[in-house]
Amino acid sequence: MTRVADRQAPPAASLAHLVRDAGLAALVAALLAVPLLGFRLNVSAQGLSLEYRLPWILYAAAAVFAGRLLLSLAARSLWPQVRQRSRGFGARFPSNTNVIVGWVLIGGALVLPWLPFADPRFLSVATLVLIYVMLGWGLNIVVGLAGLLDLGYVAFYAIGAYSFALLSMNFGLSFWICLPLAGILGAFFGILLGFPVLRLRGDYLAIVTLGFGEIIRVILLNWQAVTNGPDGITDIPRPTLFGLSFESPFRGPLHGTGFADFLGVPYSPMQWMFFIYYLILLLALGTTLFAQRMRRLPTGRAWEALREDEIACKSLGMNPVTVKLSAFAIGASFAGLAGCFFAARQGFISPESFTFIESATILAIVVLGGMGSQIGIVLAAMLLVGLPEWFRNLAEYRMIAFGGAMVLIMIWRPGGLLSRRDPTVTLGEGPAESMRPAPAAESPR
Amino acid sequence: MLKVRGLHSGYGRIEALHGVDVDVEAGEIMTVVGANGAGKTTLLMTVCGHPRAWSGEVLFEGRDITGLPMFEIGRLGIAHVPEGRHIFPRMTVLENLQMGGYAVDPRHFDADLQRVLAYFPQLGNRLSQRGGTLSGGEQQMLAIGRALISRPRMLLLDEPSLGLAPLVVRQLFDIIADINRDERMTVFLIEQNAFQALRLAHRACIMVNGRITTRGTGAELLADPAVQAAYLEGAAPSAEEAP
Chain L
1219 MTRVADRQAP
1229 PAASLAHLVR
1239 DAGLAALVAA
1249 LLAVPLLGFR
1259 LNVSAQGLSL
1269 EYRLPWILYA
1279 AAAVFAGRLL
1289 LSLAARSLWP
1299 QVRQRSRGFG
1309 ARFPSNTNVI
1319 VGWVLIGGAL
1329 VLPWLPFADP
1339 RFLSVATLVL
1349 IYVMLGWGLN
1359 IVVGLAGLLD
1369 LGYVAFYAIG
1379 AYSFALLSMN
1389 FGLSFWICLP
1399 LAGILGAFFG
1409 ILLGFPVLRL
1419 RGDYLAIVTL
1429 GFGEIIRVIL
1439 LNWQAVTNGP
1449 DGITDIPRPT
1459 LFGLSFESPF
1469 RGPLHGTGFA
1479 DFLGVPYSPM
1489 QWMFFIYYLI
1499 LLLALGTTLF
1509 AQRMRRLPTG
1519 RAWEALREDE
1529 IACKSLGMNP
1539 VTVKLSAFAI
1549 GASFAGLAGC
1559 FFAARQGFIS
1569 PESFTFIESA
1579 TILAIVVLGG
1589 MGSQIGIVLA
1599 AMLLVGLPEW
1609 FRNLAEYRMI
1619 AFGGAMVLIM
1629 IWRPGGLLSR
1639 RDPTVTLGEG
1649 PAESMRPAPA
1659 AESPR
Chain U
5 MLKVRGLHSG
15 YGRIEALHGV
25 DVDVEAGEIM
35 TVVGANGAGK
45 TTLLMTVCGH
55 PRAWSGEVLF
65 EGRDITGLPM
75 FEIGRLGIAH
85 VPEGRHIFPR
95 MTVLENLQMG
105 GYAVDPRHFD
115 ADLQRVLAYF
125 PQLGNRLSQR
135 GGTLSGGEQQ
145 MLAIGRALIS
155 RPRMLLLDEP
165 SLGLAPLVVR
175 QLFDIIADIN
185 RDERMTVFLI
195 EQNAFQALRL
205 AHRACIMVNG
215 RITTRGTGAE
225 LLADPAVQAA
235 YLEGAAPSAE
245 EAP
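As given, the protein sequences belong to chains L and U, one line each in that order. First residue of the first sequence? That's 1219 in our numbering, and the numbers climb one at a time after it. First residue of the second sequence? That's 5 in our numbering, and the numbers climb one at a time after it.
Okay, structure coming up:
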């Protein structure tokens, strides 16, 4: 609210106004601080006792007052410049910058495990980020390109994970057979859900997909006989590389040849870390290549056109149901693949991993990355998954940082981190022509 | 080419068309003029299958297309330029035009693009610009151009003059006349701007409250005192026609 006021207020907003504004913020802080900071529960031998901490509330209010005042003073003097700069940001890049940045990112991702600071913890965070990058790219097909708000994307992720776990445990199928099966199953469920609901639009579609996500989770939780309920499935076999196993030889006799034995090097858990890191990198790159390619084909372009104007699409002979279904099914199949990988990497899955917050995180990655932007999604995934995971030591404070990061992005980049849409086709007039100033429609302010 | 017989249609429980008969002959420009809310757009949209007709029938080249879904009608050779243009604002002009060829053999595209750009040279300078950044007149040109790319045999235009300056309207209507003449394109034009529409049309009719009340050639209706009083007031043909 106050941020909007800042923008519209003339540069010389009076000091009294700023003080009043800061006072209001302090009041809110004080009210919030009463339940959050005002009490402390002490556990001692005598039992529980409640301690009242009035000063803490005052400290919080004072800190917010000072902070808010400084912020608005800074904003009053700096805001016009900041706005100018951030507005020019998208337009300053030449159009092939995306390509260059893309190659740099791919190169970076390839050498990442060999860098000196790449310890197991770092690699495991990087692998997790890549899972979310892949999920983000997959959901981007549905949300960013086709404009269908899907709040239950995690359901397809869960279907992929459970299909691998169940197929490999019950039928002994290997990861490499289950991977495409998981994709197909994801797409199948995407069509199953999509068929009845795709005539809904906007909010209604969002609600139904949200419900679908919960239904899948509840089924996994309660279908004890098949899914083992809340206890989940353990000891899911690890994938092999052309039959070479990455199992630790210390945990028992190997099935087949070990990767380390084959190369004649000593066994190290890092080999497994490298392997799954490159595996998810490959899967994620496959996802984005596929999405980029689709955008240039009639089907993919139809997704974007349908998002823009349904009436026009119908009058051009486009069947909206099949176009939407294809987006839904393809998006879902990538979630299935990612889920299959997730199950293989963790070796353990339970319904706990597929709650609504996962859907929300993936959606946040897509939206904050700038709907439709492939590189924006990478940045957003690093920001929203990588940083919180890396700063896990900070315990609950990382959620504050998470919220803070989201707020800042929405203030400075309301269209997402990278919101410029690249045309899928040009007639070779060169980049100068295609780099006209970003239109008003692109960055809603 | 297009025969509409006893068409009833509307929205929800409200009937907007009370039995409309219209014929459009191959190669002609047929126009329906009328005031706001007369049912002109409903007529065109019902022909396109959205909303569905309540009763009556629509025949295109002898085939009954009543009740077909909108996208199938779009594939039969009927190109519909909806009211308010409905271009794809975030896509470039070139991409917009390509979407016109969605249901057509892509090998035709290059030739069709040249054909469209010959009618609308202004679009040629703007191919890599986003549709939403075009001016109103250019957007209308883009919408018509996109429809032409779909290689239609009949063009349905719903109020192309909407929100455009008189000079631009005139330019646009001249191009529509060119397209009709050069390609023998059948045009079914719905317009509020009665003067411009009647000037262009071979045949015309006037729609009032969901019914066709008057029929004739464009010139006949232009000269009709009753039509002049009701729809041409202020258009002052003598002043505008002055060369």
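We put the beta carbon where it would ideally sit given N, CA and C, even for glycine.
Contained alpha helix (DSSP H) runs [length at least 4] in the segment 27-57 of chain U, N- to C-terminal order: 44-51
L/Phe-1574 and L/Ile-1349 closer than 8 Å at C-beta: Working through the first sequence from its first residue, we reach residue 1574 of chain L at position 356. Working through the first sequence from its first residue, we reach residue 1349 of chain L at position 131. Taking 8 Å as the Cβ cut-off, L/Phe-1574 and L/Ile-1349 do not qualify as a contacting pair.
Under 9 Å from the C-beta of U/Glu-99: neighbouring residues of chain L: Reading the second sequence from its first residue, position 95 is the one you call residue 99 of chain U. Correct list: Arg-1519, Glu-1522, Ala-1523, Pro-1641, Thr-1642, Val-1643.
Counted within 10 angstroms of its Cβ, other Cβ atoms place U/Ile-148 as buried (16 or more) or exposed: Counting from 1 along the second sequence, the entry for residue 148 of chain U is found at position 144. Result: buried.
Short CB-CB distance (under 8 Å) between U/Tyr-15 and chain L: The count along the second sequence starts at 1 and reaches residue 15 of chain U at position 11. No, because no Cβ of chain L sits closer than 8 Å to the Cβ of U/Tyr-15.
Ranges of the beta strand (DSSP E) found wholly within the segment 74-103 of chain U, counting only runs of at least 3: 82-85
Helix, strand or coil at L/Asp-1239 according to DSSP, with G and I counted as helix: In the first sequence, counting from the first residue as 1, residue 1239 of chain L sits at position 21. The answer is helix: DSSP assigns L/Asp-1239 an H, G or I state.
Neighbour flag for L/Pro-1570 against chain U, beta carbons, 8 Å: For the purposes of this step, residue 1570 of chain L is taken as the residue at position 352 of the first sequence. Just to set this straight, residue 1570 of chain L is Glu in the shown sequence, not Pro. False, the Cβ-Cβ gap to chain U never drops below 8 Å.
Length of the line joining the Cα atoms of U/Met-5 and U/Thr-70: Here residue 5 of chain U refers to the residue found at position 1 when the second sequence is read from its first residue. Here residue 70 of chain U refers to the residue found at position 66 when the second sequence is read from its first residue. Near 15 Å, if we compare the C-alpha coordinates of U/Thr-70 and U/Met-5.
Interface residues of the segment 1525-1550 of chain L facing chain C [CB-CB below 8 Å]: As a matter of chain content, chain C is missing from the structure shown, whose protein chains are L and U.
Three or more C-beta pairs below 8 Å linking the segment 89-96 of chain U and the segment 33-49 of chain U: no
Contact set for L/Thr-1579: own chain, Cβ-Cβ below 8 Å, skip 5 residues either direction: Here residue 1579 of chain L refers to the residue found at position 361 when the first sequence is read from its first residue. If we look at L/Thr-1579 and ignore the five residues flanking it on each side, its Cβ neighbours are Tyr-1350, Leu-1602, Val-1603.
Buried or exposed by the 16-neighbour rule on C-beta atoms within 10 Å, applied to U/Thr-50: Your numbering for residue 50 of chain U matches position 46 in the second sequence. Buried.
According to DSSP, residues forming a beta bridge with L/Lys-1542: Against the first sequence, residue 1542 of chain L aligns to sequence position 324. In DSSP, L/Lys-1542 forms no bridge with anything.
Exposure label - U/Glu-99; buried when at least 16 CB within 10 Å: Taking the first residue of the second sequence as position 1, residue 99 of chain U is located at position 95. Flag for U/Glu-99 reads buried.
U/Gly-104: contacting residues in chain L (beta-carbon distance under 7 Å): On the second sequence, residue 104 of chain U is found 100 positions in, with the first residue counted as 1. The contacting residues are Leu-1534.
Cα-Cα separation, L/Phe-1552 to L/Met-1387: Residue 1552 of chain L sits at position 334 when you count from the first residue of the first sequence. Residue 1387 of chain L sits at position 169 when you count from the first residue of the first sequence. Using only the alpha carbons, I get a separation of about 22 Å.
Sub-8 Å separation of L/Val-1372 and L/Ser-1577 beta-carbons: Locating residue 1372 of chain L in the first sequence gives position 154, where the first residue counts as 1. Locating residue 1577 of chain L in the first sequence gives position 359, where the first residue counts as 1. In this structure, L/Ser-1577 lies closer than 8 Å to L/Val-1372 by Cβ.
8 Å Cβ cutoff met for L/Gly-1356 and L/Ala-1547: Taking the first residue of the first sequence as 1, we reach residue 1356 of chain L at position 138. Taking the first residue of the first sequence as 1, we reach residue 1547 of chain L at position 329. For L/Gly-1356 and L/Ala-1547, no; Cβs fall outside 8 Å.
Within 8 Å, strictly: CB atoms of L/Leu-1255 and L/Arg-1271: Here the question's residue 1255 of chain L lines up with position 37 in the first sequence. Here the question's residue 1271 of chain L lines up with position 53 in the first sequence. Yes, these two residues count as a Cβ contact at 8 Å.
Close beta carbons around U/Leu-152, own chain, < 6 Å, minus the five adjacent residues each side: Mapped onto the second sequence, residue 152 of chain U falls at position 148. Result list for U/Leu-152: Val-120, in chain order.
Contacts of L/Pro-1516 in chain U (Cβ-Cβ under 7 Å): As a position in the first sequence, residue 1516 of chain L is number 298, starting the count at 1. Tyr-106, listed in chain order.
U/Pro-164 classed as buried or exposed, judged by whether at least 16 other C-beta atoms fall within 10 angstroms: Counted from its first residue, the second sequence places residue 164 of chain U at position 160. U/Pro-164 is buried by the Cβ-count criterion.
7 Å CB neighbourhood of L/Pro-1331 in its chain, flanking five on each side removed: Here residue 1331 of chain L corresponds to residue number 113 of the first sequence, with the count starting at 1. Around L/Pro-1331: Leu-1341, Phe-1492, Tyr-1495.
Check whether U/Val-37 and U/Gln-196 have beta carbons under 8 Å apart: Taking the second sequence and counting its residues from 1, one reaches residue 37 of chain U at position 33. Taking the second sequence and counting its residues from 1, one reaches residue 196 of chain U at position 192. Yes, they are a contact pair.
Selection from L/Trp-1274, L/Ile-1595, L/Val-1319 that minimises the alpha carbon distance to L/Arg-1258: As a working note, residue 1258 of chain L is residue 40 in the first sequence. The candidate whose alpha carbon is nearest that of L/Arg-1258 is L/Trp-1274.
Contact between the segment 1514-1525 of chain L and the segment 1358-1365 of chain L (3+ Cβ pairs under 8 Å): yes
Reference L/Leu-1384, options L/Gly-1285, L/Gly-1241, L/Thr-1452, closest by Cα: Translated into positions along the first sequence, residue 1384 of chain L becomes position 166. Among L/Gly-1285, L/Gly-1241, L/Thr-1452, the Cα nearest to that of L/Leu-1384 is on L/Thr-1452.
Members of the segment 42-71 of chain U near chain L, C-beta cut-off 8 Å: Cys-52, His-54
Residues that U/Gly-149 contacts on chain L, provided the C-beta gap is smaller than 9 Å: The residue labelled residue 149 of chain U in the question sits at position 145 within the second sequence. Within 9 Å Cβ-Cβ: nothing; U/Gly-149 doesn't reach chain L, min ~12 Å.
Three CB pairs or more closer than 8 Å across the segment 225-232 of chain U and the segment 54-67 of chain U: no
Residues of its chain near L/Pro-1606, where Cβ-Cβ distance is below 8 Å and the 5 sequence neighbours each way are ignored: Numbered from 1 along the first sequence, position 388 holds the residue referred to as residue 1606 of chain L. The answer, listed in chain order, is Arg-1616, Met-1617, Ala-1619, Phe-1620.
Counted within 10 angstroms of its Cβ, other Cβ atoms place L/Gln-1264 as buried (16 or more) or exposed: The count along the first sequence starts at 1 and reaches residue 1264 of chain L at position 46. Classification for L/Gln-1264: exposed.
Local Cβ density within 10 Å of L/His-1235, reported as buried at 16 or more and exposed below that: Here residue 1235 of chain L is taken as the residue at index 17 of the first sequence, counted from 1. Exposed is the call here.
Three-state secondary structure assigned by DSSP to L/Phe-1335: What you label residue 1335 of chain L is simply residue 117 of the first sequence in a count that begins at 1. In the structure shown, L/Phe-1335 sits in coil (DSSP, three-state: anything other than H, G, I, E or B).
Stretch pair the segment 1589-1603 of chain L + the segment 1531-1539 of chain L: three plus CB contacts closer than 8 Å: no
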